[in-house]
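Residues in the sequence shown are numbered from 31 upward in steps of one, following my numbering.
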Amino acid sequence: MSVYLACLYAENFRIFGAVPQKEGDKDASLSLDFGPATNVLVGENDSGKTAIIDAIRLCLLTTAADFYRITRDDFHVGPDGRAGTFKITCGFKDLTTAEQAVFLELLTTDDEGNVALYVTVKAELMDPLRPHRVAVTTRTGRDGQGPALDGAARELLKATYLRPLRDAEAELRSGRGSRLSQILAGYPAMREQGEDDFDEESGSASTLVGILRRAERHISDNKAVKTARDDINTGYLQKFSIGSDILRGEIGVAGDATLARALERLELTLFAGTGEWTRHGLGYNNALFMAAELLLLGNSAFAPLLLIEEPEAHLHPQLQTRIMDLLRDRAETANTAETPPVQVILTTHSPNLASAIPVEHLTLVARGSTFRLAPGLTQLDEGDYAFLTRFLDVTKANLFFARSVAIVEGDAEAIVLPALAQAVGRSFSECGVSVVNVGGVGLFRYSRIFQRDGEQIPVAVACIRDRDLVPAGTSAEMRKKLKCSAEMTKQQIDEHVAALTAEDSGHVRTFVSDHWTLEYDLAAASWTMATLMHQAVRAAVVSKTTWPTADRLADLDRLAQEEVKKWREGNVPLEKAALDIYEPLRMGRGSKPIAAHHAARLLQTTSVTEDDLPPYLVAAFTYLCSEV
Numbered sequence: 031m032s033v034y035l036a037c038l039y040a041e042n043f044r045i046f047g048a049v050p051q052k053e054g055d056k057d058a059s060l061s062l063d064f065g066p067a068t069n070v071l072v073g074e075n076d077s078g079k080t081a082i083i084d085a086i087r088l089c090l091l092t093t094a095a096d097f098y099r100i101t102r103d104d105f106h107v108g109p110d111g112r113a114g115t116f117k118i119t120c121g122f123k124d125l126t127t128a129e130q131a132v133f134l135e136l137l138t139t140d141d142e143g144n145v146a147l148y149v150t151v152k153a154e155l156m157d158p159l160r161p162h163r164v165a166v167t168t169r170t171g172r173d174g175q176g177p178a179l180d181g182a183a184r185e186l187l188k189a190t191y192l193r194p195l196r197d198a199e200a201e202l203r204s205g206r207g208s209r210l211s212q213i214l215a216g217y218p219a220m221r222e223q224g225e226d227d228f229d230e231e232s233g234s235a236s237t238l239v240g241i242l243r244r245a246e247r248h249i250s251d252n253k254a255v256k257t258a259r260d261d262i263n264t265g266y267l268q269k270f271s272i273g274s275d276i277l278r279g280e281i282g283v284a285g286d287a288t289l290a291r292a293l294e295r296l297e298l299t300l301f302a303g304t305g306e307w308t309r310h311g312l313g314y315n316n317a318l319f320m321a322a323e324l325l326l327l328g329n330s331a332f333a334p335l336l337l338i339e340e341p342e343a344h345l346h347p348q349l350q351t352r353i354m355d356l357l358r359d360r361a362e363t364a365n366t367a368e369t370p371p372v373q374v375i376l377t378t379h380s381p382n383l384a385s386a387i388p389v390e391h392l393t394l395v396a397r398g399s400t401f402r403l404a405p406g407l408t409q410l411d412e413g414d415y416a417f418l419t420r421f422l423d424v425t426k427a428n429l430f431f432a433r434s435v436a437i438v439e440g441d442a443e444a445i446v447l448p449a450l451a452q453a454v455g456r457s458f459s460e461c462g463v464s465v466v467n468v469g470g471v472g473l474f475r476y477s478r479i480f481q482r483d484g485e486q487i488p489v490a491v492a493c494i495r496d497r498d499l500v501p502a503g504t505s506a507e508m509r510k511k512l513k514c515s516a517e518m519t520k521q522q523i524d525e526h527v528a529a530l531t532a533e534d535s536g537h538v539r540t541f542v543s544d545h546w547t548l549e550y551d552l553a554a555a556s557w558t559m560a561t562l563m564h565q566a567v568r569a570a571v572v573s574k575t576t577w578p579t580a581d582r583l584a585d586l587d588r589l590a591q592e593e594v595k596k597w598r599e600g601n602v603p604l605e606k607a608a609l610d611i612y613e614p615l616r617m618g619r620g621s622k623p624i625a626a627h628h629a630a631r632l633l634q635t636t637s638v639t640e641d642d643l644p645p646y647l648v649a650a651f652t653y654l655c656s657e658v
């Protein structure tokens, strides 16, 4: 193990507020631990992810020497107004004996003998009317009471930062102070290139500085350059001489022949397989830029730290996965030169990246609070983590970015529930609800991501599942091995439902169907829904072999509506009608997902109110679309 950024604390910085001032106050400050390898921050927009990255940048500075100007906007605004000060602390732990020797006078030792290096930045707003007048101090110690951090120590602790929506092509161009020249200057093989080995007699040179000197000599001796120089001197400059003054001009290469100037003239570009240059898109240039930054970090002598905001920018999904694999490999494997592995802290809005990394490396950031998903911090057990590594795919990973999460058992629910919610004015998209289809298995393996001791993740999670008790009058063929609610006591039914909701805690709640399954309960909820479901099931039966035309669908819808109307006029009980409506799906003559598709289609033209829906769905929609 080698030293790494282990913790970050922030008070009154941006979205993060103050520590409790008295008993009962909420702790609104930031206190976040990091792992030594890959750390991925996920969550919806404006939850605090960028504030975390910026807090580290401000505390440690960055290798690109980009200046962070603290302004009034960086100070937290709470119920009592804007804070006048903020404090940020970065803590490095697991220092080796050699590393402790480097920072000997700056270290902090706790009561248990553990040694850490804390860097604390304190900022004070000097004049509220002048937003850039801020006093800043940087010292060591958990509370910033230790010795000041000198320049040499700060250089060792600098992080590499890749901003979001970066212009990778511009970063890799040549020019004074270019990012590529900074990267190459830190590459060990470049050190000897600063020697001037140009031999004027033989004209030989092998180092970059030597080659640059040789090029300068050749340019100075060029016939056209000499002619232009002589014309300037004899034709014009000498005519400005007064008395014994001698004026003479020389034409040469601008700048001095140093390694820095040589590196500033280099640029990194992508070439096609033919060896000929062609312009590439933003995505591949971003990959090239990240490769260059990893080159520098791979040769860092102390705690190499890479901060990336949205590495998915401009990358197609497959390339996102490749980049994530590269970062994980570089973070988790020390190279043969025994330099420390790179610690990666990144933010993302990409389900592709979130699904490509084990859950234990994720930190969910929600409304100014952070929740690491590492083992021991959630209610996930070892088997759950292994399960999620295999089955948490891209479509399910959107749960990390949602305001609320509906976990459902199958495709039919995933298709029809958003349409039902939209029909009764509970738009899932407007409320930030993600629907996660777990395919009938592992319902609570996903919900346990959001369950933990202490402060709960402020995300409403609704597990929507079937009761799977058949009603009275169900044929033996339809019933199969299920129990019948009419043959059970109220206590037995209550115990059955309690078993289905036994794992509820925190903001995770299970909503069990009122009778049997989603399709039956919808048909049994009201005559409006019975009509719609009969139309959907009839269409699903026909669609099983050949997808019907629009005219054929219109005929099916009309005939189904007329049949339900006859049942109603004939005083057929709604429960009996619901059994007949559900029977083709139960017996496999129609597909549940296709029936759900047709139901969603019909909901676009059918007026539905909450009174028409099963109560358990109304309760679930209300919970999902309310603030936690």
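By construction, the Cβ of each residue, glycine as well, lies at the ideal position given by its N, Cα and C atoms.
Note that the coordinates shown come from a computational prediction; the quantities given were computed from them, not determined experimentally.
Check your understanding: Taking DSSP as the reference, what is the three-state secondary structure of Gln373?
Key -> strand
Point to revise | Sub-8 Å separation of Leu136 and Thr170 beta-carbons | key: yes
Check your understanding: Leu242 and Ala287: beta carbons closer than 8 Å?
Key -> In contact: Leu242 and Ala287 (Cβ atoms closer than 8 Å).
Check your understanding: Can you tell which of Asp180, His564 and Arg539 has the C-alpha that lies nearest to the C-alpha of Glu549?
Key -> Ranking Asp180, His564 and Arg539 by Cα distance to Glu549 puts His564 first.
Check your understanding: What three-state label does DSSP hand Leu394 in the structure shown?
Key -> strand
**Study point:** Per-residue DSSP class, three states only, for Leu179
**Key:** Correct three-state label for Leu179: coil.
Point to revise | Cutoff 8 Å; reference Leu632; Cβ partners in own chain excluding five residues on either side | key: Closer than 8 Å at Cβ, skipping near neighbours: Leu562, Gln565, Ala566 and Asp587.
Practice item. Specify whether the segment 86 to 101 and the segment 181 to 191 touch according to this definition: at least 3 beta carbon pairs, one from each stretch, less than 8 Å apart. Key: yes
Point to revise | Thr377 beta carbon less than 8 Å from that of Lys188 | key: no
Check your understanding: Does DSSP put Ala367 in a helix, in a strand, or in coil?
Key -> Because the pLDDT of Ala367 is 46, which lies under 50, any placement of that residue in the model is unreliable, and the question is left without a value.
Review point. Which of helix, strand or coil does DSSP assign to Lys596?
Key: helix
Review point. Where does the unbroken alpha helix (DSSP H) through Ile479 begin, and where does it stop?
Key: Note, Ile479: premise wrong, no alpha helix (DSSP H); not H, not E.
Review point. Between which two residues does the beta strand (DSSP E) harbouring Phe421 extend?
Key: Note, Phe421: premise wrong, no beta strand (DSSP E); alpha helix (DSSP H) at Glu412 to Phe421.
Practice item. Report yes if the C-beta distance between Val395 and Leu71 is below 8 Å; otherwise report no. Key: yes
Exercise for review: Could you round the C-beta distance between Ala560 and Ile487 to whole angstroms and report it? I think they count as a contact, below 8 Å.
Suggested key: Not really, about 39 Å apart at Cβ, beyond 8 Å.
Review point. When you compare only the Cα positions, how much space is there between Ser59 and Gly176?
Key: 22 Å
**Study point:** Backbone CA spacing between Lys269 and Glu222 [nearest angstrom]
**Key:** 46 Å
Review point. Quick one: what's Thr558 bridged to in DSSP?
Key: In the DSSP output, where bridge partners are listed per residue, Thr558 has none listed.
Review point. So Ile213 is in the alpha helix (DSSP H); what residue range does that whole segment cover?
Key: Arg209 to Ala215
Point to revise | Reduced DSSP category for Gly108 - H, G, I as helix; E, B as strand; rest coil | key: In the structure shown, Gly108 falls within a strand segment according to DSSP collapsed to helix, strand and coil.
Exercise for review: Could you name the residues of the same chain whose beta carbon sits closer than 8 Å to that of Tyr415, not counting the 5 residues immediately before and after it, in chain order?
Suggested key: Pro388, Val389, Glu390 and Pro405
Practice item. State the Cα-Cα distance for the pair Phe431 and Val500, rounded to the nearest angstrom. Key: In a straight line, the C-alpha of Phe431 is about 37 Å away from that of Val500.
Practice item. Just the C-alpha distance for Thr101 and Ile82, rounded to the nearest angstrom, thanks. Key: 16 Å
Exercise for review: Write down the C-beta distance between Ile281 and Ala245 rounded to the nearest angstrom, noting that I regard them as a contact closer than 8 Å.
Suggested key: Going by Cβ atoms, the distance from Ile281 to Ala245 rounds to 14 Å, so no, they are not a contact pair.
Practice item. Starting from the Cα of Gln634, find the closest Cα among Gly470, Thr531 and Val446 and give me that residue. Key: Val446
Review point. Asp63 lies in the beta strand (DSSP E); which residues open and close that run?
Key: Looking at the DSSP string, the run of the beta strand (DSSP E) that includes Asp63 is Leu60 to Asp63.
Exercise for review: Determine the contact status of Ile494 and Phe541, defining contact as a CB-CB distance below 8 Å.
Suggested key: yes
Check your understanding: Can you name the start and end residues of the alpha helix (DSSP H) that Ala254 belongs to?
Key -> Lys253 to Gly265
Practice item. Determine the DSSP secondary structure at Ile445, reduced to helix, strand or coil. Key: helix
Point to revise | Burial state of Cys514, where buried means 16 or more other Cβ atoms lie within 10 Å | key: exposed
**Study point:** Cβ neighbour criterion (16 or more within 10 Å) applied to Ser232
**Key:** exposed
Exercise for review: Using the DSSP secondary-structure output, state which residues sit across from Phe122 in a beta bridge.
Suggested key: Leu35 and Leu147
Practice item. Compare the Cα-Cα distances from Asp641 to each of Pro603, Trp557 and Arg598 and report the closest residue. Key: Trp557
Check your understanding: Any idea which residues DSSP pairs Asn382 with across the strands?
Key -> DSSP lists no bridge partner for Asn382.
**Study point:** Rounded separation between Asn382 and Asp423 - CA only
**Key:** 8 Å
Point to revise | the segment 46 to 55 contacting the segment 340 to 360, beta-carbon criterion three pairs below 8 Å | key: no
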